[in-house]
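What follows is a short report on a single structure.
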Amino acid sequence: MSEVIQRIKDLGEIAIVIDTWDDVFSDFDPRPLNERTVSGDFITELKKRYRETRRGDFIITIYAPLDLKDEKSERMVTQRLKKHFLHGYLQKKKELRSTRLRGTIFVLIGIGSLTFLTLATYFKFLNTLARELSAIVLMPLGWFGFWEGLSKLIDTSPGFIQDEILFRKLSKATYQFKYLPEQSG
2 MSEVIQRIKD LGEIAIVIDT WDDVFSDFDP RPLNERTVSG DFITELKKRY RETRRGDFII
62 TIYAPLDLKD EKSERMVTQR LKKHFLHGYL QKKKELRSTR LRGTIFVLIG IGSLTFLTLA
122 TYFKFLNTLA RELSAIVLMP LGWFGFWEGL SKLIDTSPGF IQDEILFRKL SKATYQFKYL
182 PEQSG
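The numbering used here puts the first residue of the sequence shown at 2, with every later residue one more than the last.
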């Protein structure tokens, strides 16, 4: 019994109720349903639910009215959501790689500036005036580049990394549809 409970906890189910397919896709996008962008509200709700159930693999259960039941639409929605989240994941990964590359370049420029200044002072291959003028520019440049680069390499925004993980998990999630009978009011 405890294994079943643990399995349920490990499979983070995120349940979302929709009234129409427009709840999944943007109302502002006039293109046909299979080409529309994913709704910002839908993504926000998934992020909120993700923060509540972070662990393990995800099953996204979309509850919809019975009149929306259509296997073709289900496949299209699943495909579009996975594609959207895969694109988001790859974009976040690319941005993270770019930030870290800039950080590495900053560190190298900083170390290069400080090394040049140290060698110029030690070996005296520049006259005193040139060394002093170089120090005015290279010393702050070197320290700024070094520390700012380390900051970019080490202190990546936790929110950014969480979004990357979220998009990766949502691109690999299992999407299932359950239909609710019409409620008479």
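Don't be surprised by glycine CBs; every beta carbon is placed ideally from N, CA and C.
With 16 or more other Cβ atoms from the protein chains shown falling within 10 Å of its own Cβ, E165 counts as buried. The beta-bridge partner set that DSSP reports for T62 consists of A16 and Q177. Per DSSP, P182 lies in no alpha helix (DSSP H) segment and is marked neither H nor E. Counting C-beta atoms within 10 angstroms of its own C-beta, F126 has fewer than 16 neighbours from the protein chains shown and is therefore classed as exposed. Nearest in C-alpha terms to I15, of all of D71, R98 and T175, is T175. A straight line joining the alpha-carbon of N35 with that of T79 spans about 11 Å. In this structure, L154 places its C-beta atom within 8 Å of the C-beta atom of G104.
Between Q177 and I60, the beta carbon gap of about 6 Å places them in contact (Cβ cut-off 8 Å).
Taking a 10 Å sphere around the C-beta of S152, we find fewer than 16 other C-beta atoms and assign the residue as exposed. Cα atoms of K179 and K70: separation of roughly 9 Å, rounded to the nearest angstrom. The shortest C-alpha to C-alpha distance from I44 to any of K83, P31, E75 and P33 is the one to K83.
Short of 6 Å from the beta carbon of L115, and not among the five residues preceding or following it, lie these beta carbons of its own chain, in chain order: G143. Note that the C-beta distance between L181 and L67 is below 8 Å.
Of the residues assessed, Y51 falls on the buried side of the cut-off, its CB having 16 or more other CB atoms within 10 angstroms.
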